[in-house]
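Protein chains in written order, with the working numbering: chain A, 20 to 468; chain B, 20 to 468. Okay, so here's the structure we're looking at.
Protein chains: 2
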Amino acid sequence: MKEFREFELNKEYIDRFQEALDQRDREFVLASLESVNPADISALLYEFNSEESKWVLDLLEPDVHAQILKDLDSDTRKNFLRIYKVSELTGLINLLDSDDAADILNELPIKNSEEVIAGLDLQLRSQVIDLLRYDENVAGGLMAKELIKVRDHWSVVQCIQEVRSQAEHVTKFYTAYVVDDQDRLLGRISLQDLIIRDSKTLVRDILEEVVAVETFMEDREVAEVMKKYDYESVPVVNVQGILVGRITIDDVVDVITEQAEEDRQAMAGISEDVEEDDTVWRNTRARLPWLLVGVAGGLISARFMGFFEGELSRIAAISFFIPLIQATGGNVGIQSSSLVVQSLSAERYQETLRNRLARVFSVALLNGFLLALAVLAVNIFLFENDRLSGIVSVALFAVVVFASFIGTITPLILHRMGYNPALASGPFITTTNDLLGLAVYFSTVHVLL
Amino acid sequence: MKEFREFELNKEYIDRFQEALDQRDREFVLASLESVNPADISALLYEFNSEESKWVLDLLEPDVHAQILKDLDSDTRKNFLRIYKVSELTGLINLLDSDDAADILNELPIKNSEEVIAGLDLQLRSQVIDLLRYDENVAGGLMAKELIKVRDHWSVVQCIQEVRSQAEHVTKFYTAYVVDDQDRLLGRISLQDLIIRDSKTLVRDILEEVVAVETFMEDREVAEVMKKYDYESVPVVNVQGILVGRITIDDVVDVITEQAEEDRQAMAGISEDVEEDDTVWRNTRARLPWLLVGVAGGLISARFMGFFEGELSRIAAISFFIPLIQATGGNVGIQSSSLVVQSLSAERYQETLRNRLARVFSVALLNGFLLALAVLAVNIFLFENDRLSGIVSVALFAVVVFASFIGTITPLILHRMGYNPALASGPFITTTNDLLGLAVYFSTVHVLL
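Written as structure tokens, this is what we have:
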């Protein structure tokens, strides 16, 4: 019975492995990695430094080595590739599919990447050169050239022969794409169908419809298409409708995961792709710019409040409600923009701006009214200053309405301008919102007190 | 040439369709939906009310109708199902795979669901009863019973025959799972291999290793396994290692998408699964509880500041820096907890708490120092009160360190207790952080001024 070994990372194992690395203990390393899945080895290697990892990889079979290289995340790999010689890389990349090969080549300095390309096998070379023309975040940059292509006038038995001869170059496929004699995509036929159908049946009689994506479609949209139609792979066509590649679901899963992470980072105000276990300096650098935005906002607030120093000295209680006003404004703003971000990513039909704003205002009026009422009730009991209590509630109501509006409109504007709308929940907009809230509060106090 | 029609939702089309619905214009509806993919019809139906949608669905073929029902999102479908008669539902659910059937049955009131189950075809009935035992968010609740199972002592040609006979009941499969005579999972064999290999080869000689998940594994973990190994489907086994089902990648993509959305809602403080285009009342209800948490925090802040009324009256400038302190504390806290959430979801080996805190503190000290310095420099130029400027910088430094600690530790505690760590970036923790920041600031002022 063949089976992958249970493999779980724990402190003891990592320590033991580190020891083996320190002693360059080939036997231990080989024995402990035997029949371990390459994906598990990748996860393990994150725990060691580049030289150590490279030493381990050199002990393994070249195809396992190449597979692990493919699995590493892009940031880690970029650094890691520096310690490879061009000739080594050429050998390893020759073992990969065209899309993975292109990804790695994209991470090399131009000079090295050209040398590697020059050394690739003929077919892979031309495929890779074709793929490198595309941006990483469009369908062309996600696709692989390897696919099974059959003609519409073939019979099932001809298809099976073709599958047999093409399959050598194509890992993982579930679908053969049907094209006409000009390579224009007509549909698809599942392997399941090839197995089930009578061998004399013609492809054109059993082909299924398929939705294709065009080379320049954005990766987010490709993900939406695959999710919507539950595809495990989607064909890519050029503007003439000619089949040029296919995108498999595992690549799209990566796109979805990365985008969720990007959105989270945008919301949290982290400016580069940083991970918790990166170095102190890298972490600081990624976080500082956004903190400075907040600090700048805070200093502007301080200047602004300086204009009201007289009033504040007279009635210190005015300042008591600053946290209340700002927290509520912030929360309302983030809620509003999150809902817009969610609706933008759901790819449903987008209602008109007027309808959207009408509903947002209704929700804001209702929430603002209820909150203002609750605060008034509490304040009347707890504070002696009824006039100020009334003013706080009026300002709170205004801030809720204001923040809803800003929170709704900002992600829409960002989206229209081609930016990630999730930025609207990040520190820049939050800071603006804080300032607006303060301005609304002090204006209200100034006018009504 | 067969092809799905280009189908894009736009205002004109929706209006025209609404008109046709008002007049119950069968011809228009049928003509405009002909050869449209069911997934596109689902998207369209979100624009109309339940009765209208039901009327459209009743015009379509039952299998298309069932497919669309399957595609609807769970919230929408729950309401929508109320207008179906039990007999109708039974007929439609009979056309679905076991996992989709179980999902829909889970959304029905118990009484109806039992009636529907009683009316299902024998095989589906037993499959569905088996599936309904599992929670929705574990592997057992995600899996389908439909799969292709072959024995290890069979030859390739026997497999192909078995695939042919089983394939009738199984939509979409790419892999046959290999079991022994006790149905224990041994490995898998891809359809690709069945097509390529010589027909007399024995399954046991060509089977590939496969990682399986157990029925009680959490959906997040299932998603990690499939991502890690790039599987398009993963076999599910019970504690005895017996093959009981399989989970396909499309279901896991849904899990990943939903979880990203849940995280976002947790961060934004939205308490139920609400969408921007839900009713005003539902939107208000989903948002109000979290806003009240913030408001309560604000009122406590106000009370707290009351203790310092004397100091505030004497030096109004103390209040000027409240927004600065609070905004920075909030931003640092959210950054810290986002990084932890990200590292928890990346499923890497988790470093020890001590190492993690050591690095977090280093980053906090560095960031806190740089920010305090920047603020001091600005304040010395802009404010006359040097003493207060110094105090503000000291407090800012303390708040950055504090907020980093709270932001790091909270998601870890939530995770340990089985809650979603993303809640740590939500309003509850933010509010606590705000209060702590204020406390730190005023204590510093009180002690040093």
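All residues carry an ideal CB built from backbone N, CA and C; glycine is no exception. Owing to the predicted nature of the structure, the values given are computational and were not obtained by experimental measurement.
Counterpart residues of residue i in DSSP-defined beta bridges
i: B:Arg203; result: B:Ile261
i: B:Glu227; result: B:Arg207
i: B:Leu469; result: Only positions 20 to 468 of chain B appear in the structure, and residue 469 of chain B is not among them; the question remains open.
i: A:Ile266; result: A:Val253
i: B:Thr109; result: Per DSSP, none; premise fails for B:Thr109.
i: A:Val169; result: A:Val197
i: A:Glu237; result: A:Val157
Buried versus exposed, by CB contacts within 10 Å (16 or more), residue i
i: A:Met286; result: buried
i: A:Tyr250; result: buried
i: B:Thr463; result: buried
i: B:Phe475; result: The structure shown does not extend to residue 475 of chain B, since chain B is modelled only from 20 through 468, so no value can be given for it.
i: B:Ala383; result: buried
i: A:Asp154; result: exposed
i: B:Ile432; result: exposed
i: B:Lys130; result: exposed
i: A:Ala231; result: buried
i: A:Leu143; result: buried
i: B:Lys21; result: Residue confidence is low: B:Lys21 scores 36 on pLDDT, short of 50, so the model does not pin down where it sits. Its coordinate-derived value is still stated next. The residue is exposed, with fewer than 16 neighbouring Cβ atoms inside 10 Å.
i: B:Gln361; result: buried
i: B:Trp309; result: buried
Selected residue, minimal CA-CA separation from residue i, among the options
i: A:Ile112; options: A:Arg96, A:Leu124, A:Ile102; result: A:Leu124
i: A:Gly138; options: A:Tyr153, A:Lys104, A:Val169; result: A:Lys104
i: B:Ser364; options: B:Tyr196, B:His434, B:His188, B:Val182; result: B:His434
i: A:Val55; options: A:Ile214, A:Asn68, A:Gln86, A:Leu331; result: A:Gln86
i: B:Leu407; options: B:Leu376, B:Leu358, B:Ala336; result: B:Ala336
i: A:Arg183; options: B:Asp212, B:Asn452, B:Asp171, B:Leu143; result: B:Asp212
i: A:Leu79; options: A:Leu343, A:Val48, A:Ile334; result: A:Val48
i: A:Ser93; options: A:Tyr65, A:Trp300, A:Gly329, A:Leu150; result: A:Tyr65
i: B:Asn452; options: B:Ile425, B:Met436, B:Gly437, B:Val197; result: B:Ile425
i: A:Glu403; options: A:Ile261, A:Ile334, A:Leu455; result: A:Ile334
i: A:Ser61; options: A:Leu76, A:Asp238, A:Arg43; result: A:Leu76
i: A:Asp238; options: A:Ala158, A:Leu358, A:Arg373, A:Arg35; result: A:Ala158
Chain A contact for residue i (CB, 8 Å cutoff)
i: B:Val420; result: no
i: B:Phe192; result: yes
i: B:Trp74; result: no
i: B:Met286; result: yes
i: B:Val394; result: yes
i: B:Leu455; result: no
i: B:Ser462; result: no
i: B:Val299; result: yes
i: B:Ile215; result: yes
i: B:Asp224; result: no
i: B:Leu251; result: For the record, residue 251 of chain B in the displayed sequence is Glu; it is not Leu. B:Glu251 counts as touching chain A.
i: B:Val397; result: yes
i: B:Val382; result: yes
i: B:Ser218; result: no
i: B:Thr450; result: yes
Nearest-angstrom Cβ-Cβ length linking residue i and residue j, presumed shorter than 8 Å
i: B:Thr276; j: B:Asn257; result: No, B:Thr276 and B:Asn257 are not in contact; Cβ-Cβ is about 28 Å, not under 8 Å.
i: A:Ser356; j: A:Leu457; result: Contact flag wrong, Cβ pair sits at about 19 Å.
i: B:Ala478; j: B:Asp90; result: Within the shown structure, residues of chain B are numbered from 20 to 468, placing residue 478 of chain B beyond reach of any answer.
i: B:Gly264; j: B:Leu166; result: 7 Å
i: B:Ile179; j: A:Ile179; result: Not really, about 11 Å apart at Cβ, beyond 8 Å.
i: B:Tyr193; j: B:Ser218; result: The pair is not a contact, with the Cβ atoms about 20 Å apart (cut-off 8 Å).
i: A:Leu343; j: B:Gly317; result: 3 Å
i: A:Leu221; j: A:Ser174; result: 6 Å
i: A:Gly348; j: A:Ala422; result: 4 Å
i: A:Lys164; j: A:Glu126; result: 19 Å between Cβ atoms; not a contact.
Interface flag, residue i vs chain B, CB-CB below 8 Å
i: A:Glu22; result: Reliability fails at A:Glu22, whose pLDDT of 44 lies under 50, so the model's placement of it is uncertain and the value that follows must be treated cautiously. Answer yes: the Cβ-Cβ gap between A:Glu22 and chain B drops below 8 Å somewhere.
i: A:Met324; result: yes
i: A:Arg378; result: yes
i: A:Trp173; result: no
i: A:Val256; result: no
i: A:Val182; result: yes
i: A:Tyr196; result: no
i: A:Ile123; result: no
Any C-beta of chain E under 8 Å from that of residue i
i: B:Glu133; result: In the structure shown, chain E does not exist; the protein chains are A and B.
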